[in-house]
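Under the UniProt record's numbering, the residue at position 75 of the sequence shown is numbered 75, and the numbers go up by one with no gaps. Even for Gly, the Cβ is constructed at its ideal location relative to N, Cα and C.
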Amino acid sequence: MARRIPPGPGQESVWDYPRPPRLEPTTRRIRVVFAGITLVDSRRALRVLETSHPPVYYVPPEDVQMTFLRPNPARSFCEFKGVAMYYDVVVGERIAREAAWSYPDPTPAFTPLRGYLAFYAGPMDACYVDDELVTPQPGGFYGGWITSDIVGPFKGGPGTWGW
């Protein structure tokens, strides 16, 4: 396993996040842009913090342009949050499949996530925390957003599945 990077002033280490994960509100501005459309603009997000993962931001559906989301039949299971459903993002001719997800019936510990949506940063044109462009979490499975105030190493890339 890789060594924990010590956080600098104003930074958080993902190795200080708990397992099981913690859910907390944030007033940071969360934005998602795809095909010239700002799909998300919110200051009412919830973030999930889990050991070795950058934060995943979930936004209320009222802050999402839902007309550009189409339900996808894909499902996945999280031992902590329950069953996730996925959405394709469709703007004109551009489609990002399974690019957003939600927990319609989360476990009791994650009830506040009900109906909130998260977006993979990779398929989007841009995702921001405040005005900082995020970097997607490595790999294609996890949906964390990396910003300059988060240090790793991060789970998701080659050789990290056993962490």
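For the stretch 104-161, not one full-length alpha helix (DSSP H) segment reaches 4 residues or more.
Per DSSP, the continuous beta strand (DSSP E) segment holding Pro71 begins and ends at Leu69 to Cys78. Contact annotation: the stretch 83-92 does not touch the stretch 52-61, with fewer than three C-beta pairs closer than 8 Å. Straight-line spacing of the CA atoms in Asp130 and Arg31 works out to 8 Å. In the same chain as Thr135, and ignoring 5 residues on each side of it, the C-beta atoms closer than 6 Å to its own belong to Ile146, in chain order. If you look at Ile30, you'll find it in the beta strand (DSSP E) that goes Ile30 to Phe34. Taking 9 Å as the cut-off, the Cβ atoms of Leu49 and Pro25 do not count as close.
Annotation for Tyr58: the continuous beta strand (DSSP E) segment containing it runs Val56 to Tyr58.
Contact annotation: Pro153 and Ala2 have beta-carbon atoms nearer than 9 Å. Here the C-alpha atom of Gly144 lies approximately 24 Å from the C-alpha atom of Thr67. Where Met85 is concerned, the enclosing beta strand (DSSP E) starts and stops at Gly82 to Val91. Residue environment for Ser52: buried (at least 16 other C-beta atoms within 10 angstroms of its C-beta).
When only Cα atoms are considered, Pro20 and Cys78 end up about 11 Å apart. In the three-state reduction of the DSSP assignment, Glu24 falls in the strand class.
In this structure, Ala96 sits near Tyr120, with a CB-CB distance shorter than 9 Å.
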